[in-house]
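If you count by numbering that gives the first Met the number 0, then the sequence shown holds residues 0 to 525, one letter each, in order.
Okay, structure first, notes after.
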Amino acid sequence: MLLPNDKIIRTQYFDWGTLEWLYEPQDRISGHPSTAFATLDIGKIQKTHFHAGFEQFLYIVSGVGTQWLSGEAIAISQGMFIHNPGYIEHALANTGDIPLKVLTIYLPLPFPSINSESLRESVIYQEPKLDLHEDSNVQALQLLQDRVSLAMNMASITIDSEGIPVTQGSGYSKFCQLVQSIPEGKKRCAYSELEAGLKSAKQKTSLVFQCYLGVTNVATPIMDKEESVGCVVCGQVLLEDPADSDYTNITNEGFLIDQLRTEFEKLQVVSKSRIYTAAELISSLSNQFLELSKRYQSQLRIADELKAKAGIVELLKQTELQALQSQINPHFLFNTLNSIANLALLEEAPQTQEVVFTLSELMRYALRSANQMVSVSEEIDYIKNYLIIQRARFKDQIELIISIAPEIMEFPLPPLTLQPLVENSILHGLKGRNSGEIRINGILDGGWIIFEVHDDGIGIEKEKINKILRAADANFQAKSVNSIGISNVIRRMRHHFGSEFSFNIESSGNNGTKFYLKVPYKNYIS
């Protein structure tokens, strides 16, 4: 898998150090990761910033320091691999006596969706009504509003459908602060905002309006399906330089005249397009977040119902399954990141972009939840990516031959079903060799799907095969078994397919090893 050739490495300079972009996709909505090499100079602190719309993977190449995640300090040092989730405040500091060097991968965050139809089969699904005043919503809206207001240099506030503020005002002008310091002024401002909000909701579009003192704002509705639940009011600006007639309303107010006049003259004069842009940006982010909030609340309710319905036995099964998933050895990721970091330090290394991109896809796949199914096609793509990484690390000439029947490519499997078998072939079957062949076959035989993973390596001793199979037993403690990945596969497949799943290992001398998996196809088509 090759990356586009139109990506040019460029370096940004900051007061804390440099950021060298190794890969930066032009298409921001494609889901492709961006990759950069950050260097924090000795004693420098990176300013707190907000991770909106992406998660981040950090690999500390050299040095020591501290990172802050939403205010919580965490010590970091060479060799650490760190995952920072999206929508948090983040900062870094170099506390050592050498530059702090960090390989950084930015992964765009797709908005999750709920497969509501499948959930309705087991529980009664009722979508919750959106509540802007829920604590988590208020906090997130305030954070989004503050950031956009600061970036756009424009005031904003979120109100509900009755004109009650949901957030505190962000970036308010001194003129509006003075007006709202008087009860009557605050009351009349609130009425202007509510009136504009109702009109924008009725028209389902942004609406530019002037308050009773002639200050320009724009109201943009927040919609819950076809119903408006509030609006974002943005602006506190002028559309043209003030004329003498504009001061009439201020004079009639009869309070703080001199101060109001002075601050009125300081209001920004902007084009309509600018306040539209600010309002639409805040509204778009707010609507998307609130939709996620609704879905998240739905998921929580559904999860509670499913747990209650399933009972203690099922909960124990899920706990066991999650434990099995977590047994995936992290050394592969650490070693790979080390290789990437070394490549990144060598300028114009052509492998760097491909390896970084591939690793990002591997991490995204491997971090899926234990009970989320993937297609055979996705599992094969993961194996191909895994082979790219292995070739970059060991320079092995490994030939991968794949023959999968088209009609089973969309069949659902637990993630990491076939890959551990391929990994075993590479790390054990082909150990010490510069080349080798691995075949993956998949056929539909009557009502059954049969997978075969075959290598031409040194084979596995009979005693070890027996240990692997015994380790797959639910009551067996597998700490002493090296090939825990294979036993893990067997146990997870039994969990999903029950007694109809079967597994076998054939190996003799130097004739390689064959892994067989047999799963029922009839359940998939019924």
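Just so it is clear, CB atoms sit at the ideal spot from N, CA and C, and this is done for glycine as well.
Note that the structure is predicted; figures quoted are calculated from it, not measured.
The secondary-structure analysis by DSSP pairs Leu-106 across a beta bridge with Glu-54. In the three-state reduction of the DSSP assignment, Gly-78 falls in the coil class.
DSSP places Ser-227 in the strand class (E or B) of the three-state scheme. Non-local beta-carbon contacts of Ile-464 in its own chain, meaning distances under 7 Å to residues more than five positions away in sequence, involve Ile-504, Ser-506 in chain order. Distances from the CA of Lys-383 to each of Leu-206, Leu-361, Gln-371 were compared; the closest alpha carbon is that of Leu-361. Inclusion of Gly-431 and Asp-454 in the CB contact set at 8 Å is not warranted, their separation being larger than that value. Residues Met-408, Glu-409, Phe-410, Pro-411, Leu-412 of the same chain have their beta carbon placed closer than 8 Å to that of Ser-374, with the five preceding and five following residues left out of the count. At a Cβ-Cβ threshold of 8 Å, Val-217 and Gln-267 do not count as neighbours. Of the residues Glu-460, Ile-485, Gly-458, the one whose Cα lies closest to the Cα of Ala-470 is Ile-485. If one requires a minimum length of 3 residues, the beta strand (DSSP E) runs lying completely within the stretch 176-224 are 206-209, 215-223, in chain order. Membership of Val-421 in the alpha helix (DSSP H) is indicated by the continuous run 418-423.
The C-beta distance from Thr-47 to Thr-94 rounds to 16 Å, too long to fall under 8 Å, and the pair is not in contact. Taking 8 Å as the cut-off, the beta carbon of Val-101 is found no closer than this to the beta carbon of Leu-142.
Here Cys-210 has Cys-188, Ser-191, Asn-216 as same chain residues with Cβ atoms under 7 Å from its own Cβ, once five neighbours each way along the sequence are excluded. For Ala-470, no beta strand (DSSP E) encloses it; the enclosing alpha helix (DSSP H) starts and ends at 461-470. Assigned with DSSP and collapsed to three states, Asp-40 falls in coil, not helix or strand. Within the DSSP secondary-structure output, Glu-71 pairs in a beta bridge with Leu-68. Counting C-beta pairs closer than 8 Å gives fewer than three between the stretch 132-139 and the stretch 195-214, which falls short of the contact rule. Looking at Ser-76, Leu-415, Gly-62, the one whose alpha-carbon comes closest to that of Ile-97 is Gly-62. Note that the C-beta distance between Gln-55 and Trp-15 is not below 8 Å.
Relative to Ser-376, the option among Trp-447, Leu-417, Val-147 whose CA is nearest is Leu-417.
The closest CA to that of Glu-436, considering only Glu-422, Ile-448, Ile-442, is found on Glu-422.
Taking Leu-68 as reference, the option from Ile-87, Ile-59, Ile-75, Ile-81 with the minimal CA-CA separation is Ile-87. The beta carbons of Gln-176 and Lys-185 sit no closer together than 8 Å. Annotated as distal: Leu-443 and Glu-499, with beta-carbon spacing of 8 Å or more. Residue Phe-174 holds the alpha-carbon nearest to the alpha-carbon of Glu-264 among Gly-196, Phe-174, Lys-224, Ile-221. The straight-line gap separating the alpha-carbon atoms of Arg-491 and Pro-519 is approximately 15 Å. Measuring C-alpha to C-alpha distances from Thr-219 to each of Cys-233, Asp-240, Gly-511 identifies Cys-233 as the nearest. The criterion of a C-beta distance shorter than 8 Å is not satisfied by Ile-397 and Gly-441. For Arg-438, DSSP records a beta bridge to Ile-400, His-453.
When C-alpha distances from Tyr-171 are compared across Pro-182, Ser-160, Ala-154, the shortest belongs to Ala-154. Around the C-beta of Tyr-12, fewer than 16 other C-beta atoms lie within 10 Å, and the residue is accordingly described as exposed. Between the alpha carbons of Ser-501 and Trp-447 lies a distance of about 11 Å.
For the pair Asn-510 and Lys-461, the Cα-to-Cα distance works out to about 13 Å. Gly-196 and Gly-162 have their alpha carbons spaced roughly 8 Å apart. Excluding sequence positions up to five before and after Leu-99, its CB lies within less than 6 Å of the CB of Leu-39, Gly-62, Gly-64, Asn-93, all in the same chain and listed in chain order.
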